[in-house]
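Q:
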Ligand code: MN3
């Protein structure tokens, strides 16, 4: 069985950047449901419990057809949300000088430019999905979006961090104004954890 990863803070501690109501719903209803559905599907082929969920996603095309779609949607839902929980702080943060900042500046021109492109990409993603900073197969930083709960791991890209742009992530607080949500959640990105994720793929 795959077990849930805890949030780093209490629901109300993310307020006002992300409301307690949204955090609770997002974690306890959406995330835990993806996890439950994933476990139910994998129980039919329990040898996959030996892998990490992201390793299952990397070989999604080899997963028995019987459960492939369920694993794609729910396994993606699990991995994507766990990256989000890991990379969210509960207070306003700033990126520190380091390899990630340096590499973002050399790839996107400046950190501000990167932020602008990322928020724009999240705001304009059509329908439900995620926007990501990935390290692509050529080892380059890139902004991309994925539809539904598809995960960058399925394309053998490495997700450094991502923002959930499904309506369940913002609608109760920002209604249809997704750009406002993007700006608010951006403020509490935990750049220390994000840098750690970035450095871990180089080690
Ligand atoms: Mn979500």
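Residue numbers (the working numbering): 14 to 216. A virtual CB, placed ideally from N, CA and C, is assigned to each residue, including glycine.
Pull up the distance between the alpha-carbon of residue 131 and that of residue 58, whole angstroms please.
A: Approximately 38 Å between the Cα atoms of the pair.
Q: Considering Cα atoms alone, identify which of 27, 64, 45, 100 is closest to residue 209.
A: Selected option, being the one with the closest Cα: 100.
Q: What's the gap between the Cα of residue 127 and the Cα of residue 102?
A: Between residue 127 and residue 102, the C-alpha separation is close to 20 Å.
Q: Under a criterion of Cβ closer than 6 Å to any non-hydrogen atom of the ligand MN3, which residues qualify, in chain order?
A: Every residue passing the under-6 Å Cβ criterion appears here: 39, 43, 94, 177, 179, 181, 182.
Q: Quick check: the Cα distance between residue 29 and residue 200, rounded to an integer number of angstroms?
A: Taking the straight line from one Cα to the other gives about 11 Å.
Q: Quick one: what does DSSP say residue 174 is sitting in, helix, strand or coil?
A: Strand at residue 174.
Q: Below 7 Å between beta carbons: does that hold for residue 134 and residue 158?
A: Yes, they are a contact pair.
Q: Going by DSSP, name the residue or residues bridged to residue 142.
A: According to DSSP, residue 142 bridges with 160.
Q: Pull up the DSSP beta-bridge partners for residue 76, would you.
A: BP columns for residue 76 are empty, so no partner.
Q: How far does the alpha helix (DSSP H) with residue 195 in it reach, from first residue to last?
A: Its alpha helix (DSSP H) spans residues 191–200.
Q: Taking residue 47 as part of the alpha helix (DSSP H), name the residues at either end of that continuous run.
A: Its alpha helix (DSSP H) spans residues 45–55.
Q: Is the distance from the Cβ of residue 186 to the Cβ of residue 86 below 7 Å?
A: Not in contact: residue 186 and residue 86 (Cβ atoms no closer than 7 Å).
Q: Would you mind sorting residue 172 into buried or exposed? The rule is 16 or more other CB atoms within 10 Å of its CB.
A: Buried, by the Cβ-count rule.
Q: Is it buried or exposed, residue 169, if we count other Cβ atoms within 10 angstroms and call 16 or more buried?
A: Classification for residue 169: exposed.
Q: What separation, rounded to the nearest whole angstrom, lies between the Cα atoms of residue 27 and residue 112?
A: Between residue 27 and residue 112, the C-alpha separation is close to 28 Å.
Q: In chain order, what residues of the same chain lie with their CB nearer than 7 Å to the CB of residue 96, ignoring the 5 residues before and after it?
A: So the qualifying residues of the chain are 172, 174, 175.
Q: Alpha carbons only, please: which of 205, 203, 166, 182 is nearest the one belonging to residue 74?
A: Out of 205, 203, 166, 182, 166 has the C-alpha closest to the C-alpha of residue 74.
Q: Could you give the distance in angstroms between the alpha-carbon of residue 148 and the alpha-carbon of residue 211?
A: The alpha-carbon atoms of residue 148 and residue 211 are separated by roughly 8 Å.
Q: Do you know how far the Cα of residue 196 is from the Cα of residue 40?
A: Whole-angstrom Cα-Cα distance: 21 Å.
Q: Starting from residue 115, trace the alpha helix (DSSP H) in both directions and tell me its first and last residue.
A: Unbroken alpha helix (DSSP H) run through residue 115: 112–121.
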